[in-house]
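Heads up: the structure comes next, in structure tokens.
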Amino acid sequence: MELRWLGLAPYRPTAQAMRAFTEARQPDTPDQLWLCEHPPVFTQGQAGRPEHVLDPGDIPVVAANRGGQVTYHGPGQVVAYPLVDLRRLDLWVKAYVHRLEEAVLRTLSDWGVTGHRVPGAPGVYVRLDDPCGHAALRGLPPGDNPWAGLGKIAALGIKVQRHCAYHGLALNVAMDLSPFSRIHPCGYAGLRTVDLATIGVMADIAEVRAALANHLRCLLQPRQLQA
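The numbering of the sequence shown is the UniProt record's numbering, which starts it at 1 and goes up by one.
Here it is, written out as structure tokens:
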């Protein structure tokens, strides 16, 4: 998998470039992993509903052809875009999403943080009262706010075209989280969004980016090359 670091990259041309790469690729085109940060932007997925964008203010809202609802990107967040041929990896979409989440879980573990999956809600979450505890998360608690006690630390949304995937995931490291209050993150009212800094983990974003890239490259390679 070829690695590309794009730096601080505007969202719209980056998304256009991913789509163009995917449409032009051939069966022998090497997979790529694009890593970047984005200037402040809300992106609305194909399933997005306008009522989940509460008050965008001066932050642009850009339609995206990925799955999912609205999310926010901004500096201090590691964005990873694997551009991969799922047939060559022998992966169905569900298994691919599981591996993207697994890469985030392993990255968080490198900094002593325990991430969790929530069935039916792609992404990675942490317990706000004990982000380093190892107790398993057994579903969402009942009540008016099922997200109570949880914070979303990584969002995920992909597009699959001719068995090739693009878009990807965003892991919050140390960023201005206030724009998330202007939306229902990923379409969930009451869901709190956090970053590593919020839960007391002071991490260098370049080191987090390198760790995430390493885990993605290990998990997204043909089966015969996997350890």
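Think of the CB as a built atom: it goes at the ideal place given N, C-alpha and C, for glycine as much as any other residue.
Asked	Found
Residue 116 burial status per 10 Å Cβ neighbour count (16 or more: buried)	buried
Sub-9 Å separation of residue 8 and residue 103 beta-carbons	no
Exposure label - residue 78; buried when at least 16 CB within 10 Å	buried
Residue burial classification, residue 34 (beta-carbon count within 10 angstroms, cutoff 16)	buried
Length of the line joining the Cα atoms of residue 161 and residue 23	8 Å
Secondary structure of residue 227, DSSP reduced to three states	Residue confidence for residue 227 is low, a pLDDT of 47 falling below 50, so the modelled location carries little weight; the figure read from the coordinates is stated next. It is coil, neither helix nor strand.
For residue 95 and residue 68, believed in contact at Cβ under 8 Å, the rounded distance	Going by Cβ atoms, the distance from residue 68 to residue 95 rounds to 18 Å, so no, they are not a contact pair.
C-alpha distance - residue 76 paired with residue 124, whole-angstrom precision	17 Å
Residue 59 - containing beta strand (DSSP E), residue span	That residue, residue 59, is in no beta strand (DSSP E); it is neither H nor E in DSSP.
Selected residue, minimal CA-CA separation from residue 181, among 72, 13, 29 and 101	72
Collapsed DSSP secondary structure at residue 168 in the structure displayed	strand
Same chain, Cβ closer than 6 Å to residue 17, neighbours up to 5 away in sequence not counted	none
Boundaries of the alpha helix (DSSP H) in which residue 21 is found, first to last residue	11–24
Secondary structure of residue 205, DSSP reduced to three states	helix
Beta-carbon gap between residue 171 and residue 212 smaller than 9 Å	yes
Given residue 54 as reference, the closest of 206, 185, 198 and 203 once Cα atoms are compared	185
DSSP-derived helix/strand/coil call for residue 135	coil
Proximity below 9 Å, CB of residue 63 to CB of residue 44	yes
Bounding residues of the beta strand (DSSP E) (the contiguous stretch that carries residue 43)	41–44
C-beta atoms of residue 208 and residue 114 nearer than 9 Å	no
Burial state of residue 122 (16 or more Cβ within 10 Å)	buried
Option nearest residue 83 by Cα separation, candidates 37, 165 and 193	165
Three-state secondary structure (DSSP) of residue 187	helix
CA nearest to the CA of residue 3, picked from 86, 131, 197 and 31	31
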